Every structure is written in structure tokens, then in C-alpha cells.
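Visitor: Below is the structure I would like to discuss, written out as C-alpha cells.
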Amino acid sequence: MKGGNDKKMLLENKVGMIFGVANKRSIAWACATAAASQGARMAFTYQADRIKENVSELAHTLNDSLVVPCDVSEQAQVDAAFDAVKQKYGRLDFLVHSIAFAPREALEGEFVATTRDAFRTALEISAFSLTQVAMAAAPLMTEGGSIVTMSYYGAEKVVINYNVMGVAKAALEASTRYLASDLGKDNIRVNAISAGPINTLSARGVKNMGALLGYVGQRSPLKRNVTAAEVGNTALFLVSDLSSGITGETIYVDCGYNIMGI
Ligand code: 0WD
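Position 203 of the sequence shown, counting from 1, maps to 189 under my numbering, and the rest follow consecutively.
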């Protein structure tokens, strides 16, 4: 029997895969550091060579990590990334999907002007990719698992300039529910975090992000904006067994902004 001081970490012996680290401000990196603090070992994917170095530098600060290329628009790269995870760790316990993309011109002006190409790209990279990685992850989650994705309030209400990304996030939240329904029988849970605005690389692609941060910071019940670390801690909860009864949900981590009417 172990002594009373031996506290087991929440993610001891767990293996994760993190999609969407671009730099140290990325929400995905906050999720990874939270998970690492509780003993997880993780593989990190990077989208393109321009961020390879960034991701490698960050990942190598963590114990027993792996760094693999994976642009989700290339199925062969997705397959290769999961093969590499299987080779190194043998299985997977959790996955954080924290990626999104829409052409910059689609993130300003009127939604009604969205082109077919912008719509297709936004929905493919920001929504379909969740199903794509869930499909690849499920066979590796032999002891059950937890998948977490990142959404935003623009899925539910109109946020000026968010446009086609709001439509993509609505599809992402619906996908979360359908995937949770399919994968629940294998004890794989799928949840979304709807994060308040945070000043990251992607966020700067949305026109007038600074104004949005100010607006939300003033009106949220907590009278401030949420931090990436707070989102990371919620992701930690969702990938740990503490949340074993939760699946298919979208959990707001936004200092309460979404509950406000007038
Ligand atoms: O206010 C915010 N920052 C919020 C972000 C509020 C609520 C939700 N989110 C969501 C985003 O929509 C996204 O889904 O959180 C997720 C992570 O966003 P982030 O941490 O704000 O942004 P960032 O650090 O830029 O990471 C997103 C990354 C990309 O970075 P860049 O900026 O280089 O596009 O998504 C990745 C890429 O690394 N990504 C891809 N990964 C694989 N294949 C692809 C792709 N095709 N496209 C983008």
C-alpha cells in the first residue's frame, strides 16, 4: 500500500495529442501545459514549416514529447501523424483540437458576401477536421478517451466580422454532439469549450478584435476577459477522469459573458 503522501496526478500514464499550437500564446499550448502539469505525455502537430521551429522548441520543454507535421487539409499527413503516435506511444487517451482557418477577407464586412471557396475552406479546416481527427483517434483510444475542441460564441449569436467562422463553429458544436453520440459506446467523450476572446495569432485575423476584447471585458459578469490558462485548465478537467460523466457538451469559459441579456 502506498503512503498517504503519494498523490496521483490527474493524467499520470496518459498520452495526448495536441493540434493547434502555433506559438506560446496559442490556446492549445495553454491546454498542453495544464495537461503536462498533471503528468501527461503529448504529441504535437504543426501545420506548416514556418511554425515547425516554434512548436518544436515549446514541445521539447515537456517530458517525452513528439512533434509531427499535420496540415488537416492533407489526409496523408493526418494518417502519418496518427501512425507516428501509435509507433511511439502505442495508444492515445486524449486529443485537443484547437485549429481553425478562414480567409482573412471573409472575416470582415458582411457575411452575405461570403464566397463558395471561403465557405468551403472555413468549414473544412475548422469543422470537418474534428471528425477527421476523431475518426483517426478512436482506434487508438483503446481504454476510452476524451476529445476536446475550441468553439466561440459566434456559433450561436451574430458577432460582427466573425461571419463564416460563426457558421463553421456552429457546425463544430453540432459535430461535437454527433461524435459524442457515436463514440460514447467506446467510452470516448467529445466536448467543446466555447472560449471568450483571447489575443492570439488567429484572433488578430478577426477585424476589430481589440474592440471586441474591450467590450466583452466590460460586460462580462467577472468584468474581465478570460485567459488562455483558464481555458487550459478547463481542457485539463475535460480530458481527465474528473469529467467522466460529461460528453457532447459545449462549456462556456468566457467569464460568464454568454449569460448576459441586456
Ligand atoms: O479569441 C480566441 N483566440 C478564441 C479562439 C476564442 C474562441 C475560440 N478560439 C478557437 C479558434 O477558433 C481555434 O479553433 O481556439 C482555437 C485555437 O485558436 P488560437 O489559439 O486563438 O489561435 P492560434 O494560436 O493561431 O492557433 C490556431 C492554429 C493555427 O495557427 P495560425 O495562426 O498559424 O493559422 O490552427 C492551426 C494553425 O497552427 N491551423 C491548422 N492546423 C492544421 N491544419 C490548419 C490546418 N489546415 N489551419 C490552421
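Just so it is clear, CB atoms sit at the ideal spot from N, CA and C, and this is done for glycine as well. Quick caveat, the model's predicted, so the values are computed rather than measured.
1. Please classify R190 as buried or exposed, where buried requires at least 16 neighbouring CB atoms within 10 angstroms.
2. Please report the distance separating the alpha-carbon of G247 from that of D69.
3. Cutting at 6 Å between CB atoms, please list the residues of its own chain near V1, excluding the five before and the five after it.
4. In the segment 171 to 207, which residue ranges form an unbroken alpha helix (DSSP H) of at least 4 residues, counting only runs that do not cross its ends?
5. Below 8 Å on the Cβ atoms is my guess for I13 versus A181; work out the distance and round it to an integer in Å.
6. Where A157 and A141 are concerned, what is the direct C-alpha to C-alpha distance, given to the nearest angstrom?
7. Check whether the Cβ of G148 lies closer than 7 Å to any heavy atom of the ligand 0WD, and answer yes or no.
8. Going by the CB atoms, is the gap between A154 and A88 shorter than 8 Å?
9. Pick from W15, A21, A123, G6: whose alpha carbon is nearest that of E(-2)?
10. What residue from F105, I133, E129, Q204 has the CA that sits closest to Q118's CA?
11. Looking only at its own chain, which residues have a Cβ that is under 7 Å from the Cβ of W15, when we skip the five neighbours before and after it?
12. Is the CB-CB distance between A108 and V150 below 8 Å?
13. Measuring alpha carbon to alpha carbon, tell me which residue in S42, L165, N147 is nearest L198.
14. Going by alpha carbons, who is nearest to K143 out of T101, A99, I245, N211?
15. So L(-4) and Q24 are in contact, right, with Cβ under 8 Å, and what is the actual spacing, rounded?
16. Between I184 and the rest of its own chain, which residues show a CB-CB distance below 6 Å, the 5 nearest in sequence each way excluded?
17. Between F68 and the ligand 0WD, is the CB less than 7 Å from at least one heavy atom?
Guide: On the basis of the data shown:
1. exposed
2. 47 Å
3. Only R27, Y75, L78, D79 meet the Cβ criterion.
4. 195 to 205
5. 6 Å
6. 8 Å
7. Correcting the residue identity first, residue 148 is Tyr in this sequence and not Gly. When distances are taken from the beta-carbon of Y148 to the heavy atoms of the ligand 0WD, even the shortest one reaches 7 Å or more.
8. yes
9. Ranking W15, A21, A123, G6 by Cα distance to E(-2) puts A21 first.
10. I133
11. V7, L44
12. yes
13. N147
14. I245
15. Yes, L(-4) and Q24 are in contact; Cβ-Cβ is about 4 Å, under 8 Å.
16. A214
17. For the ligand 0WD, not one heavy atom lies less than 7 Å from the Cβ of F68.
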